[in-house]
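Chains as they are written, first to last, in the numbering used here: chain A, 37 to 457; chain B, 12 to 178.
Cβ atoms here follow ideal geometry from the backbone N, Cα and C, with glycine treated the same way.
Quick caveat: nothing in here was measured; it's all calculated off a predicted structure.
Everything on this sheet refers to the single structure shown next.
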């Protein structure tokens, strides 16, 4: 029987190499990840297991990114606990502030993840690596503790939804607009417990950065993983970068899908998801005029060089609206450096934006841009739940970097064309 | 195991930021987290909840983050079980792993209101609404999950397997 891409990758990690949807398996994992929020609990549970060492110190990755650089004393203690564990275990890939990035920007960039891997992370956006055809999924700290100890994880093999994007993308439409539109169509539970395969002509020409953005938000539809097939764009990204050999798997032509969705991507406008769910997506033309106090451009969703370039193209020679705080956060030190070399950082500063060191910070209302009661933000992050970015009476409108930058200039939600004209 | 408790009713898509806002993720014990459980959608809950109370909710309960702090906060608040139409995948795993009972039982959810009394027999997945007198059968756990539940959570389950492998 034919297998989906998700089944193919999982099958390569079990004996015998055949799996089917709804089957419970125990698979070997290639990489295990935790951050400063989730590692403390994982370490606490790890220590109960009676195992002295992690299964492989080169494959357990820890990144202080959520409340780092430390935002308060309690956060500092969580980061310290993680650092002490990393040193005691001799972890090769612990990334200290100054060398770190937002984990899901950092791991692919550093070549720690490649096609065909199974990656489990104590962070729901671990699914980002699906862009590289890695079966990557978020879990809680206790699952991660067990994976750190044993190098194995139990999983239910998910059914797969195949989403086909036809046509050519309009100007200023990117991965964020495609995924917000898709979640608007299928809902925040539309892919619950399922894998998604993103395919079609519009995907074939989408940049790696755009694919990372889409895979990243598979979880916002409830998905376990959002997968892309390996092509020349993938190879150009991973070749010379991945630290381990990678494995290319393809879905069988006779694979069984639980649902196939066809989308005419040429009809999709830049999108905005209204509070308080990512499924509340609307075309920006139907969102114009909502007054805002803050714009955030960054995060594991849209903190890559391509995202910053799009924002810079709109902010160059323009000014952030006097009532708006525009906060731009490169996703890693490398992204920061590349943006600096390309003059993007100067563009941002001259436009009146602030540029921060890499951190998840404002996305989850942690620091570096917390909202007051009644304030609204346009943000390139991934969640707009009530209170997500601060006060429970604040509001987050999700968008891609083009709409975010245009809105920063306009002082209210605006499309790129509104600012250019 | 039989649980009897008073119901706190919620709708669809109760997310992890609602269950425990991220600003409190700089702590991780169930007791500390419980003080802020569901704070942004029901500021009275943390003070008014009594040990053994139950949460009944709609679709996709626990959507969002992987934070295990969410089931830990609910457990720390003394909630005996969450009954929902459906659960988000990561929350469901986390709840099983930390020993917070969770049941999928759409019919019971639809006919239960805030303040009703429920009696739940966990092993049988039976939900009895003591206020209305109606009885419901929850979806059974897959056999594989029962092994983890029977062991008392993922850590004791894994401890036993590690010990078996060594001997």
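Cβ pair residue 20(B), residue 123(B) closer than 8 Å: Sequence index remark: in the second chain, residue 20(B) carries index 9 (1-based). Sequence index remark: in the second chain, residue 123(B) carries index 112 (1-based). Closer than 8 Å, so yes.
Beta-carbon gap between residue 320(A) and residue 362(A) smaller than 8 Å: For the purposes of this step, residue 320(A) is identified with residue 284 of the first chain, where counting begins at 1. For the purposes of this step, residue 362(A) is identified with residue 326 of the first chain, where counting begins at 1. Cβ atoms of residue 320(A) and residue 362(A): not closer than 8 Å.
For residue 40(A), the nearest candidate out of 228(A), 194(A), 112(A) and 371(A) (CA to CA): By 1-based counting over the first chain, the position of residue 40(A) is 4. Distance check between residue 40(A) and each of 228(A), 194(A), 112(A) and 371(A) places 194(A) closest, using alpha-carbon atoms only.
In DSSP terms, what residue 319(A) is bridged to: As a working mapping, residue 319(A) is identified with position 283 in the first chain. Answer by DSSP bridge pairing, in chain order: 307(A).
Cβ-based burial, residue 175(A) [other Cβ within 10 Å; buried from 16]: Residue numbering aside, residue 175(A) sits at position 139 when the first chain is read from its first letter. Classification of residue 175(A): buried, given that the 10 Å Cβ count is 16 or more.
Paired residues, beta bridge with residue 98(A) - DSSP: If you number the first chain from 1, residue 98(A) lands on position 62. 70(A) and 130(A).
Per-residue DSSP class, three states only, for residue 81(B): Residue 81(B) sits at position 70 when you count from the first residue of the second chain. The three-state reading of DSSP puts residue 81(B) in helix, counting H, G and I together.
Residues that residue 169(B) contacts on chain A, provided the C-beta gap is smaller than 8 Å: Locating residue 169(B) in the second chain gives position 158, counting from the first residue. Those within 8 Å of residue 169(B) in chain A are 85, 182, 185 and 186.
Residue nearest to residue 64(B) in terms of C-alpha spacing, selected from 177(B), 54(B) and 125(B): Position 53 of the second chain holds residue 64(B). Cα-wise, what sits closest to residue 64(B) is 125(B).
contact_flag[the stretch 428-442 of chain A, the stretch 409-416 of chain A] where n(CB pairs < 8 Å) is 3 or more: A contact exists between the stretch 428-442 of chain A and the stretch 409-416 of chain A.
Classification of residue 83(A) by the beta-carbon crowding that lies within 10 angstroms, buried from 16 upward: The sequence position of residue 83(A) within the first chain is 47, counting from 1. Residue 83(A) comes out exposed.
Beta-bridge partners of residue 95(B), as assigned by DSSP: Walking along the second chain from the start, residue 95(B) turns up at place 84. Residue pairing from DSSP places residue 95(B) in a beta bridge opposite 68(B) and 115(B).
Range of the contiguous beta strand (DSSP E) that encloses residue 173(A): Within the first chain, numbered from 1, the residue matching residue 173(A) stands at position 137. That run of the beta strand (DSSP E) goes 171-174.
Buried versus exposed call for residue 241(A) [16 or more other C-beta atoms within 10 Å across all chains shown]: On the first chain, position 205 is the one that residue 241(A) refers to. Exposed, since its Cβ has fewer than 16 Cβ neighbours within 10 Å.
Cβ neighbour criterion (16 or more within 10 Å) applied to residue 176(B): Here residue 176(B) refers to the residue found at position 165 when the second chain is read from its first residue. Classification of residue 176(B): exposed, given that the 10 Å Cβ count is below 16.
Buried versus exposed call for residue 307(A) [16 or more other C-beta atoms within 10 Å across all chains shown]: Translated into positions along the first chain, residue 307(A) becomes position 271. Using a 10 angstroms sphere on the CB of residue 307(A), the tally of other CB atoms reaches 16 or more, which defines it as buried.
Coil, strand or helix - residue 256(A) by DSSP: If you number the first chain from 1, residue 256(A) lands on position 220. Residue 256(A) falls in the helix class under three-state DSSP.
Option in 78(B), 152(B) and 92(B) with minimal Cα separation from residue 62(B): The residue you call residue 62(B) lines up with position 51 of the second chain. Out of 78(B), 152(B) and 92(B), 92(B) has the C-alpha closest to the C-alpha of residue 62(B).
Beta strand (DSSP E) runs contained entirely in the stretch 325-378 of chain A, provided each spans 3 or more residues: Whole beta strand (DSSP E) segments, 3+ residues: 330-333 and 361-364.
Any 3 or more C-beta pairs closer than 8 Å across the stretch 365-374 of chain A and the stretch 259-271 of chain A: Proximity of the stretch 365-374 of chain A to the stretch 259-271 of chain A falls short of the contact definition, fewer than three beta-carbon pairs being nearer than 8 Å.
Any 3 or more C-beta pairs closer than 8 Å across the stretch 337-346 of chain A and the stretch 222-239 of chain A: With the cut-off at 8 Å, the stretch 337-346 of chain A and the stretch 222-239 of chain A do not touch.
Reference residue 359(A), options 377(A), 187(A), 448(A) and 124(A), closest by Cα: Locating residue 359(A) in the first chain gives position 323, where the first residue counts as 1. For residue 359(A), the nearest C-alpha among the options comes from 448(A).
Run of the beta strand (DSSP E) containing residue 299(A), from where it starts to where it stops: Counted from its first residue, the first chain places residue 299(A) at position 263. Looking at the DSSP string, the run of the beta strand (DSSP E) that includes residue 299(A) is 295-300.
Within chain A, the residues that residue 75(B) reaches when beta carbons sit closer than 7 Å: Within the second chain, the letter at position 64 stands for residue 75(B). Taking a Cβ-Cβ threshold of 7 Å, the residues of chain A close to residue 75(B) are 160, 419 and 421, in chain order.
Within chain B, partners of residue 25(A) - CB distance below 8 Å: Residue 25(A) is absent from the model: chain A starts at 37 and stops at 457.
Closer than 8 Å to chain B by CB, residue 24(A): Residue 24(A) lies beyond the range of chain A shown here (37 to 457); nothing can be said about it.
The stretch 26-57 of chain B: positions lying closer than 7 Å to chain A by Cβ: Near chain A, meaning a CB-to-CB distance below 7 Å, the residues of the stretch 26-57 of chain B are 26, 28, 29, 32, 33, 34, 36, 37, 38, 39, 51 and 52.
Residues of the stretch 108-132 of chain A with Cβ closer than 7 Å to any Cβ of chain B, in chain order: Residues of the stretch 108-132 of chain A whose Cβ lies closer than 7 Å to any Cβ of chain B, in chain order: 108, 110, 111 and 114.
C-alpha gap between residue 454(A) and residue 434(A), whole angstroms: Residue 454(A) sits at position 418 when you count from the first residue of the first chain. Residue 434(A) sits at position 398 when you count from the first residue of the first chain. If I take the Cα positions, the gap works out to 18 Å.
CB contact below 8 Å: residue 103(A) versus chain B: Counted from its first residue, the first chain places residue 103(A) at position 67. Yes, residue 103(A) counts as interfacial toward chain B.
Of the listed residues 103(B), 34(B) and 160(B), nearest to residue 95(B) (C-alpha basis): Numbered from its first residue, the second chain carries residue 95(B) at position 84. Relative to residue 95(B), the option among 103(B), 34(B) and 160(B) whose CA is nearest is 103(B).
Candidates 313(A), 394(A) and 292(A): closest to residue 71(B) by CA position: Sequence index remark: in the second chain, residue 71(B) carries index 60 (1-based). Comparing Cα-Cα distances from residue 71(B) to each of 313(A), 394(A) and 292(A), the minimum goes to 313(A).
Residue 343(A) vs residue 245(A) beta-carbon contact at 8 Å: Taking the first chain and counting its residues from 1, the one referred to as residue 343(A) is at position 307. Taking the first chain and counting its residues from 1, the one referred to as residue 245(A) is at position 209. Yes; because the gap between Cβ atoms is below 8 Å, this pair is in contact.
Buried versus exposed, by CB contacts within 10 Å (16 or more), residue 145(A): As a position in the first chain, residue 145(A) is number 109, starting the count at 1. In the assembly as shown, residue 145(A) is a buried residue. Its beta-carbon has 16 or more other beta-carbons within 10 Å.
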